[in-house]
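Enquirer:
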């Protein structure tokens with residue numbers, strides 16, 4: 181995936197690394213990643229055949245949460261890490277303004293913490309956001325069990341660097357019941373944690389997500405269309421269902437796919453669902469999925 185690295189200086193939170201590809205005059209396709217990841221976690225899915233056809237119609241903007249880029253230097257001890265609310269309402273608007281994106285129309289794809297951040301952005305900037313695809317999104321604050329797990333993970337990261345306890349929590353967070361997941365993806369995630377992620381910076385992001393505020397009672401004010409997605413073996417199914425229940429049903433729908441990490445386990449079905457979702461917004465009407473193209477080809481042959 182050809183992309184240009186940009187470093188945007190924000191008012192309060194220092195440099196934010198962003199990766200941009202495509203024509204900046206087009207509508208924006210904005211991604212925000214989860215804890216334990218960075219923008220590269222989206223690459224396998226975005227490079228899927230059906231997604232490449234969709235994304236040719238957009239300027240792709242991939243925001244990396246401060247300090248989460250590969251090989252990042254350790255954030256200073258006095259650095260004020262942005263809250264989830266500040267990421268959504270301050271960092272994202274400043275990044276888009278600095279990039280000079282001509283279109284004010286935004287479509288967002290977020291996972292976990294990134295999905296939470298995009299929700300906050302959409303509620304603040306209702307008439308800029310056309311639609312959101314939110315994977316494993318919770319609009320509630322962390323429950324006691326989750327808070328405890330994340331607290332232990334962040335403490336261990338700060339004291340020991342990357343370690344098995346924190347790794348186990350992050351694997352559960354991303355893959356749910358990992359024993360059913362493809363070992364190849366889990367091993368790749370393991371390697372990424374130990375080789376490219378800065379443990380202190382990751383602890384900061386985990387702590388910020390752990391301290392997220394509850395905005396579930398405000399979801400009905402969101403004006404854009406929303407596609408909520410969860411996996412059958414995800415650790416967050418109930419959180420996603422509660423969040424969806426609190427949304428305006430006229431503007432939202434929920435999709436449950438097989439697997440724990442649906443971008444890894446079910447990319448073709450997710451891409452097809454995103455295509456239909458975007459076409460429902462009046463976008464990418466000329467794009468056809470591989471499955472649709474096969475059907476057309478077979479019909480032509482029969483004729």
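Numbering (the working numbering), first residue to last: 181 to 483.
Each residue gets a CB set at the ideal place from its N, CA and C atoms; glycine is no exception.
Computed from a prediction, not measured in an experiment: that's the story for all the values here.
Identify, in the order they occur along the chain, each residue of the same chain with its Cβ nearer than 6 Å to the Cβ of residue 387, setting aside the five sequence neighbours on each side.
Expert: Taking the first residue of the chain shown as 1, we reach residue 387 at position 207. Excluding residues within five positions, the ones whose Cβ falls inside 6 Å are 334.
Enquirer: Taking only runs that begin and end inside the stretch 357 to 435, name each unbroken beta strand (DSSP E) of 3 or more residues, in chain order.
Expert: Within the stretch 357 to 435, the complete beta strand (DSSP E) runs of at least 3 residues are 405 to 411.
Enquirer: With 16 as the cutoff for other CB atoms within 10 Å, does residue 332 come out buried or exposed?
Expert: Here the question's residue 332 lines up with position 152 in the chain shown. Residue 332 is exposed by the Cβ-count criterion.
Enquirer: Roughly how many angstroms separate the alpha carbons of residue 320 and residue 270, rounded to a whole number?
Expert: Residue mapping note: residue 320 aligns to position 140 of the chain shown, counting from 1. Residue mapping note: residue 270 aligns to position 90 of the chain shown, counting from 1. Spanning the two alpha carbons is a distance of roughly 20 Å.
Enquirer: Measuring alpha carbon to alpha carbon, tell me which residue in 190, 279, 302 is nearest residue 201.
Expert: One-based indexing of the chain shown puts residue 201 at position 21. Residue 201 has its Cα closest to that of 279, out of 190, 279, 302.
Enquirer: Do residue 315 and residue 287 come within 7 Å of each other at the CB atom, strictly closer than that value?
Expert: By 1-based counting over the chain shown, the position of residue 287 is 107. By 1-based counting over the chain shown, the position of residue 315 is 135. Against a cut-off of 7 Å, the Cβ pair of residue 315 and residue 287 comes out as no contact.
Enquirer: Report buried or exposed for residue 325, applying the criterion of at least 16 other Cβ atoms within 10 angstroms of its Cβ.
Expert: Taking the chain shown and counting its residues from 1, the one referred to as residue 325 is at position 145. It counts as exposed.
Enquirer: Pick from 207, 203, 256: whose alpha carbon is nearest that of residue 461?
Expert: The residue given as residue 461 occupies position 281 in the chain shown. Nearest C-alpha to residue 461: 207.
Enquirer: Counting beta carbon pairs with one atom in the stretch 410 to 430 and one in the stretch 236 to 248, are three or more of them shorter than 8 Å?
Expert: No: fewer than three Cβ pairs fall under 8 Å.
Enquirer: Is it buried or exposed for residue 405, if we count other Cβ within 10 angstroms and need 16 for buried?
Expert: Here residue 405 corresponds to residue number 225 of the chain shown, with the count starting at 1. Label assigned to residue 405: buried.
Enquirer: How about residue 195 and residue 293: do their beta carbons lie closer than 7 Å?
Expert: As a first step, residue 195 is located in the chain shown; it is residue number 15 there, counting from the start. As a first step, residue 293 is located in the chain shown; it is residue number 113 there, counting from the start. Not closer than 7 Å, so no.
Enquirer: Helix, strand or coil for residue 281? Go by DSSP, reduced to three states.
Expert: As a working note, residue 281 is residue 101 in the chain shown. It is coil, neither helix nor strand.
Enquirer: Could you check if residue 391 is buried or exposed, using at least 16 other CB atoms within 10 Å of its CB as the buried criterion?
Expert: Numbered from its first residue, the chain shown carries residue 391 at position 211. Its Cβ having fewer than 16 others within 10 Å, residue 391 is exposed.
Enquirer: Within 10 Å of its beta-carbon, does residue 402 have 16 or more other beta-carbons around it, so buried, or fewer, so exposed?
Expert: By one-based count along the chain shown, residue 402 stands at place 222. Its Cβ being crowded by 16 or more others within 10 Å, residue 402 is buried.
Enquirer: Might you give, ordered along the chain, the residues of its own chain that have their beta carbon closer than 8 Å to the beta carbon of residue 187, omitting 5 neighbours on each side?
Expert: Residue 187 sits at position 7 when you count from the first residue of the chain shown. Cβ within range, chain order: 195, 196, 197, 198.
Enquirer: Just to confirm the assignment: which complete alpha helix (DSSP H) runs, minimum length 4, are found wholly within the stretch 286 to 321?
Expert: The stretch 286 to 321 contains these whole alpha helix (DSSP H) runs: 293 to 304.
Enquirer: Alpha carbon to alpha carbon, how far is residue 230 from residue 209? Give it in angstroms, no decimals.
Expert: One-based indexing of the chain shown puts residue 209 at position 29. One-based indexing of the chain shown puts residue 230 at position 50. For residue 209 and residue 230, the distance between alpha carbons rounds to 15 Å.
Enquirer: From the DSSP secondary-structure annotation, give me the bridge partner or partners of residue 199.
Expert: Taking the first residue of the chain shown as position 1, residue 199 is located at position 19. According to DSSP, which records beta bridges pairwise, residue 199 is partnered with 185, 242.
Enquirer: Mind checking which residues open and close the beta strand (DSSP E) that includes residue 211?
Expert: In the chain shown, counting from the first residue as 1, residue 211 sits at position 31. First-last of the beta strand (DSSP E) with residue 211: 208 to 212.
Enquirer: In angstroms, rounded to a whole number, what distance separates the CA positions of residue 253 and residue 466?
Expert: Taking the chain shown and counting its residues from 1, the one referred to as residue 253 is at position 73. Taking the chain shown and counting its residues from 1, the one referred to as residue 466 is at position 286. Rounded to whole angstroms, residue 253 to residue 466 spans 44 Å at the Cα level.
Enquirer: Tell me the rounded alpha-carbon separation between residue 344 and residue 463.
Expert: Counted from its first residue, the chain shown places residue 344 at position 164. Counted from its first residue, the chain shown places residue 463 at position 283. Computed Cα separation, rounded: 44 Å.
Enquirer: From the DSSP output, which residues share a beta bridge with residue 194?
Expert: Counted from its first residue, the chain shown places residue 194 at position 14. 190, per the DSSP bridge assignment.
Enquirer: With DSSP as the reference, label residue 437 as helix, strand or coil.
Expert: Start at 1 with the first residue of the chain shown, and residue 437 comes out as number 257. In the structure shown, residue 437 sits in a strand (DSSP, three-state: E or B).
Enquirer: Going along the chain, which residues of its own chain have a beta-carbon closer than 6 Å to the beta-carbon of residue 426, five neighbours each way excluded?
Expert: Stepping through the chain shown from its first residue, residue 426 is reached at position 246. If we look at residue 426 and ignore the five residues flanking it on each side, its Cβ neighbours are 396, 399.
Enquirer: Over what stretch of residues does the alpha helix (DSSP H) that includes residue 452 continue unbroken?
Expert: As a working mapping, residue 452 is identified with position 272 in the chain shown. 447 to 460 is the extent of the alpha helix (DSSP H) around residue 452.
Enquirer: Given residue 322, which residues of its chain have a CB within under 6 Å of its CB, disregarding the five upstream and five downstream residues?
Expert: Locating residue 322 in the chain shown gives position 142, counting from the first residue. Closer than 6 Å at Cβ, skipping near neighbours: 390.
Enquirer: By Cβ distance below 6 Å, which residues in the same chain neighbour residue 135 in space, the five residues on each side in sequence not counted?
Expert: A query on residue 135 cannot be resolved here, the shown segment of the chain reaching from 181 to 483 and no further.
Enquirer: Expressed to the nearest angstrom, what Euclidean distance is found between the alpha-carbon atoms of residue 382 and residue 330?
Expert: Looking up residue 382 in the chain shown gives position 202. Looking up residue 330 in the chain shown gives position 150. When rounded, the distance between both Cα atoms is 11 Å.
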